[in-house]
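Down below is the structure, laid out as C-alpha cells.
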Amino acid sequence: MEYLDSLTDNQREILESFQNLSGEDDLEKTIKLLQRFNWDLEKTYQYYVGGELNEEDIPAAATSSRDNERRNIRRQRSSNNVNNNDHPIGKLLELIFSPVRVALSILKYIFNLFPDSFRKLIEGPDSRDVKSTCAEKFIKYFESNFGNKHPKFYRGTYKQALLDIKDNYQFLIVVINSPEHDDTPEFCRNVLASDTFINYVNENNMVVWGGS
Numbered sequence: 039m040e041y042l043d044s045l046t047d048n049q050r051e052i053l054e055s056f057q058n059l060s061g062e063d064d065l066e067k068t069i070k071l072l073q074r075f076n077w078d079l080e081k082t083y084q085y086y087v088g089g090e091l092n093e094e095d096i097p098a099a100a101t102s103s104r105d106n107e108r109r110n111i112r113r114q115r116s117s118n119n120v121n122n123n124d125h126p127i128g129k130l131l132e133l134i135f136s137p138v139r140v141a142l143s144i145l146k147y148i149f150n151l152f153p154d155s156f157r158k159l160i161e162g163p164d165s166r167d168v169k170s171t172c173a174e175k176f177i178k179y180f181e182s183n184f185g186n187k188h189p190k191f192y193r194g195t196y197k198q199a200l201l202d203i204k205d206n207y208q209f210l211i212v213v214i215n216s217p218e219h220d221d222t223p224e225f226c227r228n229v230l231a232s233d234t235f236i237n238y239v240n241e242n243n244m245v246v247w248g249g250s
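The numbering used here puts the first residue of the sequence shown at 39, with every later residue one more than the last.
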C-alpha cells in the first residue's frame, strides 16, 4: 500500500489499466517499469510484451536495464544449452515448447501493429471512470451506440476471463474494439449483434470478452 499512497490519481489509473491488460500482479515491479517510461502507458506495455522501441524513445535507465537483462538471458541460455543440449529430457522439453514460443512471437507482433488501438482498449471511452474494467467500458460503449442485442459479454478483467474458461473448459472469444476505426460500426452491427453469432456463442457455451 505504501507504493500506492505515493501515486497521483492519474498514475493509479495508468497502473490499474496496465495491470488489467498485462495480468501482472507484482505491484512493485509494475510501478518501477512504468516509472522507467515516465508513466507512458503505450511505451511501457510495448516494452513489456517484448516489442521493439526506437532508442530515442527509451529512457537511459530503461535502456541500460534492458541491456543488462538481455546479457543475463544470453548467459543463462548459453549455460542451459551446454547442460541440456544432449539430454533427452531437454530435447523433449524443447520440442514441446517450440509451438508456445511461436505463438508468443505472433502475439507480440500483433500487439506492436496497433499501439493506438491498445491505448483505447486500456483507457476506454471515459478515462474518469477508473472503477470500471475495460470490459465494462466496452459494454457501455456498445450498448450506447448499437443497442442491447449482443452475446453475453464478460464483465470482468481479461485475466479473470482466462481463469474462468480454464476452470470451466470453455473457449474465449476476444474482441479488441477500436472506436476510431472506419469498419467498427459495421462489425458491431452485422457481426456482434447478429443472430448467427449470438446463437453460435450460446450453442457452444463460449465466453466473449471485449475491450474498448
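Virtual Cβ for every residue (Gly too), placed ideally from N, Cα, C.
So, using beta-carbon positions, are residue i and residue j closer together than 8 Å?
i	j	result
residue 210	residue 239	no
residue 198	residue 243	no
residue 215	residue 249	yes
residue 234	residue 195	no
residue 187	residue 231	yes
Per DSSP, residue i forms a beta bridge with which residues?
i	result
residue 247	212
residue 191	246
What do you get for residue i, buried or exposed, if any count of 16 or more other CB atoms within 10 angstroms of its CB means buried?
i	result
residue 212	exposed
residue 201	exposed
residue 182	exposed
residue 51	buried
residue 72	buried
residue 42	exposed
residue 223	exposed
residue 69	buried
When you compare only the Cα positions, how much space is there between residue i and residue j?
i	j	result
residue 44	residue 80	22 Å
residue 192	residue 62	20 Å
residue 58	residue 221	26 Å
residue 82	residue 204	28 Å
residue 67	residue 237	43 Å
residue 65	residue 175	24 Å
residue 56	residue 241	34 Å
residue 185	residue 206	29 Å
Less than 7 Å separating the Cβ of residue i from some heavy atom of the ligand ATP?
i	result
residue 244	As for the ligand ATP, it is missing from this structure, which has no ligand bound.
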